[in-house]
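For what it's worth, full-length UniProt numbering labels the leading residue of the first sequence as 1, then goes sequentially.
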Amino acid sequence: MSNKLILIDGNSIAYRAFFALPLLNNDKGVYTNAVYGFTTMLLKIIEEEKPTHVLVAFDAGKTTFRHNTYTEYKGGRQKTPSELSEQFPLLRELLDAFQIKHYQLENYEADDIIGTMARIASDDGVQVKVISGDKDLLQLAGDNIEVNLTKKGISEMVVYSKEVIEQEMEITPLQIIDLKALMGDQSDNIPGVRGVGEKTALKLLKQYASVENIYEHLDEITAKKLNENLTTYKEDAFMSKELATINQESPIEITVEDLKYDGYDTNKLSTVFKELGFQSLLNKLDGEVDVEEEVALKEINYEVISELDESIFTGENAFHIEILDENYHTEEMIGASIVNKNGNYYIPIDVLEDSAIFKKWAEDDTKEKYVFDAKKMTVLLRRLGIDLKGVTFDLLLASYLVNPSENNHDIPSISHRFGEKEVKTDEEVYGKGAKKAVPSENVLYEEHIIRKTVMIHLLKQQVEDELIANKQLELLTELELPLALVLGKMEATGVKIDKDRLLTMGSELSERLSVLEEEIQELAGEAFNVNSPKQLGPILFEKLELPVVKKTKTGYSTAADVLEQLEGKHPIIEKLLLYRQLKKLDSTYIAGLLRVIDEDTLKIHTRFNQALTQTGRLSSIDPNLQNIPIRIEEGRKIRQAFIPSEQGWKIFAADYSQIELRVLAHIAKDEKLQQAFKQDKDIHTQTAMDVFHVSEDEVTSNMRRQAKAVNFGIVYGISDYGLSQNLGITRKEAKQFIDRYLESYPAVKEYMKDVVQEAKQDGFVTTIMNRRRYLPDITSRNFNVRSFAERTAMNTPIQGSAADIIKLAMIQLSKQLEESDLQARLLLQVHDELILEVPENELEEVEKLVATTMEQAIELDVPLKVDASYGDTWYDAK
DNA sequence: ATTGGCACGC
DNA sequence: GACGTACGTGCCAATG
Numbered sequence: 001m002s003n004k005l006i007l008i009d010g011n012s013i014a015y016r017a018f019f020a021l022p023l024l025n026n027d028k029g030v031y032t033n034a035v036y037g038f039t040t041m042l043l044k045i046i047e048e049e050k051p052t053h054v055l056v057a058f059d060a061g062k063t064t065f066r067h068n069t070y071t072e073y074k075g076g077r078q079k080t081p082s083e084l085s086e087q088f089p090l091l092r093e094l095l096d097a098f099q100i101k102h103y104q105l106e107n108y109e110a111d112d113i114i115g116t117m118a119r120i121a122s123d124d125g126v127q128v129k130v131i132s133g134d135k136d137l138l139q140l141a142g143d144n145i146e147v148n149l150t151k152k153g154i155s156e157m158v159v160y161s162k163e164v165i166e167q168e169m170e171i172t173p174l175q176i177i178d179l180k181a182l183m184g185d186q187s188d189n190i191p192g193v194r195g196v197g198e199k200t201a202l203k204l205l206k207q208y209a210s211v212e213n214i215y216e217h218l219d220e221i222t223a224k225k226l227n228e229n230l231t232t233y234k235e236d237a238f239m240s241k242e243l244a245t246i247n248q249e250s251p252i253e254i255t256v257e258d259l260k261y262d263g264y265d266t267n268k269l270s271t272v273f274k275e276l277g278f279q280s281l282l283n284k285l286d287g288e289v290d291v292e293e294e295v296a297l298k299e300i301n302y303e304v305i306s307e308l309d310e311s312i313f314t315g316e317n318a319f320h321i322e323i324l325d326e327n328y329h330t331e332e333m334i335g336a337s338i339v340n341k342n343g344n345y346y347i348p349i350d351v352l353e354d355s356a357i358f359k360k361w362a363e364d365d366t367k368e369k370y371v372f373d374a375k376k377m378t379v380l381l382r383r384l385g386i387d388l389k390g391v392t393f394d395l396l397l398a399s400y401l402v403n404p405s406e407n408n409h410d411i412p413s414i415s416h417r418f419g420e421k422e423v424k425t426d427e428e429v430y431g432k433g434a435k436k437a438v439p440s441e442n443v444l445y446e447e448h449i450i451r452k453t454v455m456i457h458l459l460k461q462q463v464e465d466e467l468i469a470n471k472q473l474e475l476l477t478e479l480e481l482p483l484a485l486v487l488g489k490m491e492a493t494g495v496k497i498d499k500d501r502l503l504t505m506g507s508e509l510s511e512r513l514s515v516l517e518e519e520i521q522e523l524a525g526e527a528f529n530v531n532s533p534k535q536l537g538p539i540l541f542e543k544l545e546l547p548v549v550k551k552t553k554t555g556y557s558t559a560a561d562v563l564e565q566l567e568g569k570h571p572i573i574e575k576l577l578l579y580r581q582l583k584k585l586d587s588t589y590i591a592g593l594l595r596v597i598d599e600d601t602l603k604i605h606t607r608f609n610q611a612l613t614q615t616g617r618l619s620s621i622d623p624n625l626q627n628i629p630i631r632i633e634e635g636r637k638i639r640q641a642f643i644p645s646e647q648g649w650k651i652f653a654a655d656y657s658q659i660e661l662r663v664l665a666h667i668a669k670d671e672k673l674q675q676a677f678k679q680d681k682d683i684h685t686q687t688a689m690d691v692f693h694v695s696e697d698e699v700t701s702n703m704r705r706q707a708k709a710v711n712f713g714i715v716y717g718i719s720d721y722g723l724s725q726n727l728g729i730t731r732k733e734a735k736q737f738i739d740r741y742l743e744s745y746p747a748v749k750e751y752m753k754d755v756v757q758e759a760k761q762d763g764f765v766t767t768i769m770n771r772r773r774y775l776p777d778i779t780s781r782n783f784n785v786r787s788f789a790e791r792t793a794m795n796t797p798i799q800g801s802a803a804d805i806i807k808l809a810m811i812q813l814s815k816q817l818e819e820s821d822l823q824a825r826l827l828l829q830v831h832d833e834l835i836l837e838v839p840e841n842e843l844e845e846v847e848k849l850v851a852t853t854m855e856q857a858i859e860l861d862v863p864l865k866v867d868a869s870y871g872d873t874w875y876d877a878k
């Protein structure tokens, strides 16, 4: 096999990566984006090219031999940002772990090292590939030498062989030097010939081939000004050529043999990846990481309890039950543990199940329990007939409140963030994917469960201290913790489903879908998978020659907004749109829901994720009951399958009217907006009046529609681009709308300005209940990244405060329902809406109770308003 | 097993 | 001068 040498322009690639990627940093606060980009590129190159030799060349120091020729060389360049320069040492460390040689040479640039090495290697018959982001390197392309330039970011490369260059630029690689000599180079501060740009330079080179030859035939050049310029700047031209020429005779002290690459050391590299926080790249490495490399944990003692005795409990106990998979409604419990001052105790589930002493302790409000995921523990114990009380700390919720943007809120990750290493990850203990299982040896998992519980016990104080420092302890103890119990109860209660209704709807849908599928294929003139955008694209845009509206990364976009623009151009379009809609209903809502119905009770039990969203909202999974269709009648009918669990009960729904805009009126203290809500005006009409400066009866439906979209934008923090997409107008018009809105509500404008300022100063924004969201991107130099952070700063207090308020209402409502001995039960929360099931004879009382509780959940400068309704199914509660 | 495209809700 | 644009969950197809 022939040898293959990869020469990488280290500085150039690092720069590219740095500017292409957001400013990531690892858990130690060190910036790593350039190193990350460099790493992904290396992995890709190694995999695709399978090189036998590799070298990464770096620039050395500030001055080079070129500065002797021209002191102003590379003058006027922006200083390397410190966020990047601090990454170079990490980069060298990374290359060492890759076992890739790197080299720099005093007085020379990386280009010269690469040029010299490329010459030597190609003379030896080695195939050479140069990798850079700098076009200057193209001059090196030759018989055995190919140059790859990064394109758009760093993920993609364009290959320039000698032939490609000659074909595309119509000059030889070496003439690139002459080109630069004539036209100069702004970035390197190479002057070139004044008045000669790319066009003129190419024309001259086509005729005369080189700078030298141009000057030999200077008298032939008749264009007066050009001739004059060439004459005046002759010296500049020759100096520029010298500067632009890569030195292929640099005094390098390395040989091709030194650059031999034998693959990376998986262990070393994985250690470096872990240090840098490149978790996602770990599984891209070849080979297994040696288990010996893992630092052995310190020994831990624990006692396996075969019969529970009250003496093991103290006043404060960390308590944990372990399950293997996520669904705690159905999953088998593996084991439990208690950790306190007295010791570490492992409790087998059967012991726990049969113990009256345990039940008494768990249900005793005065016995304090520290847990990880109070909601999960509540549901698990409830399955054993135990009503958990006295939970005073939840590590999951506390960690989430400290920083919602951390995406791993499991015990080992939290522990590591707080510097506690004595616990393995679940993956290390149980494996992953199909291989996931409880170890056959008891101690292996018993120890793991104990260690996790030890962490809960150990971290309680640390995390609580952080919450106290942030003035967020109340948010945990008065809001999220009580809410966890309410949610646990809702999940465990579940929602009853009319299975037959779903089945009937399903068969009707299948029928219509197969007819539609046939019609679509007929219109397309061929059989294909209608569900595949990849197959559909070519049919629409090549075979049927419909105009291409939008492209995706991989091909033509066939998304609904694209299809809508094509409506009327071909009969296939409307059928496709309908097919997509119905397919969604069938697969996600009919088949999806049927799959998760409990066979015995005909109920479904969702799980609310209370520690996920960046704004403080809940999310719902398995199934997601927060996105059941409502907008289109056909989909809305799915709601007919959601029924009360008992005869003679009703489904009851209560939703906040415009809670986000009311919150905005409150926190921005906008007189005009507050007035509108105090007078219970139609807010979109009011906005239209204020934005378009018209009276109420002059507001057209179109004006109201546009005002509604602007309000939508305010609530969700969308950009002018997003608004333009929603309204089908230009970005400029959208921006005008937003500006006019802000002129109409000056206090809102002021608030938006202040909250961005606050985020810049503090690094985070807060909600009414002092929930935080950190926004490190707010200082980004990248316009888009920064703009996004700014919109987030404006939007999160609004959406997050609304989330706080409904959470408060849920806690209060749940308490009231209990105290008043009503049977009505909370079932679901859909962001601004609560769904209950209610006995017929309680309807009147519940209606009053729910409305007042929600409206009085918190006192704002504007009233909160709730609309409520009920019916025999969720569909009818409208 | 993971990714990309698409569609549903607020 | 170009970036890529509210947040979630889940389905299907295509790919490694």
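Using N, Cα and C, we set each Cβ at its ideal position, and we do this for glycine too.
Once the 5 residues before and after residue i are set aside, which same chain residues still bring their CB inside 6 Å of it?
i: residue 892; result: The requested residue 892 is not part of the displayed model; the chain covers only 1 to 878.
i: Ile8; result: Val56, Ile131
i: Phe541; result: Val548, Tyr556
i: Ser801; result: Val663, Thr767, Ile768
i: Phe692; result: Met703
Is the beta carbon of residue j closer than 8 Å to that of residue i?
i: Asp124; j: Val193; result: no
i: Val663; j: Pro623; result: no
i: Ile254; j: Tyr103; result: yes
i: Leu259; j: Phe273; result: no
i: Lys496; j: Leu401; result: no
i: Arg791; j: Gly616; result: no
i: Asn317; j: Lys369; result: yes
i: Tyr579; j: Val530; result: yes
i: Ile114; j: Leu137; result: yes
i: Ile638; j: Leu582; result: no
i: Leu467; j: Leu458; result: no
i: Val351; j: Val371; result: no
Taking the alpha-carbon of residue i as reference, which of the options has the nearest alpha-carbon?
i: Ala668; options: Asn784, Leu381, Leu458, Lys753; result: Lys753
i: Phe19; options: Ser780, Leu834, Ala121; result: Ser780
i: Tyr870; options: Leu843, Glu859, Met854; result: Leu843
i: Ala141; options: Met157, Gly133, Ala118, Thr150; result: Ala118
i: Glu633; options: Thr314, Tyr875, Ile305; result: Tyr875
i: Tyr346; options: Lys550, Leu384, Asp739, His448; result: His448
i: Ile6; options: Glu819, Asn33, Ser122; result: Ser122
i: Lys452; options: Phe319, Gly431, Leu476, Ala793; result: Phe319
For residue i, report the span of its alpha helix (DSSP H) as first-last.
i: Trp361; result: 356-363
i: Ala707; result: 701-716
i: Phe788; result: 783-819
Grab the span of the beta strand (DSSP E) containing residue i for me, first residue to last.
i: Leu476; result: Unbroken run through Leu476: none, as it is neither H nor E.
i: Met333; result: 333-340
i: His102; result: 101-104
i: Val866; result: 866-871
i: Glu127; result: Residue 127 is actually Gln in this sequence, not Glu. Run containing Gln127: 127-132, per the beta strand (DSSP E) assignment.
i: Gly343; result: 343-347
Quick one: what's got a C-beta closer than 8 Å to residue i's C-beta in the same chain, skipping five residues either side?
i: Lys241; result: Ile177, Asp178, Lys180, Ala181, Val211
i: Val850; result: Phe652, Ala654, Leu813, Leu834, Leu836, Val866, Ala868
i: Lys575; result: Leu516, Glu519, Ile520, Leu523
So does residue i have its beta carbon nearer than 7 Å to some heavy atom of the ligand SAH?
i: Val495; result: This structure lacks the ligand SAH; in fact it carries no ligand of any kind.
*If you pair each beta-carbon of the region 707-722 with each one of the region 676-685, do three or more pairs fall below 8 Å?*
A contact is defined here as three or more CB-CB pairs under 8 Å, and the region 707-722 meets this definition with respect to the region 676-685.
_Validate contact between the region 261-274 and the region 407-419 using beta carbons, cut 8 Å, 3 pairs_ = Fewer than three pairs of CB atoms, one per stretch, sit closer than 8 Å, so the region 261-274 makes no contact with the region 407-419.
*Sufficient close CB pairs (3 or more, under 8 Å) joining the region 478-487 to the region 392-401*: yes
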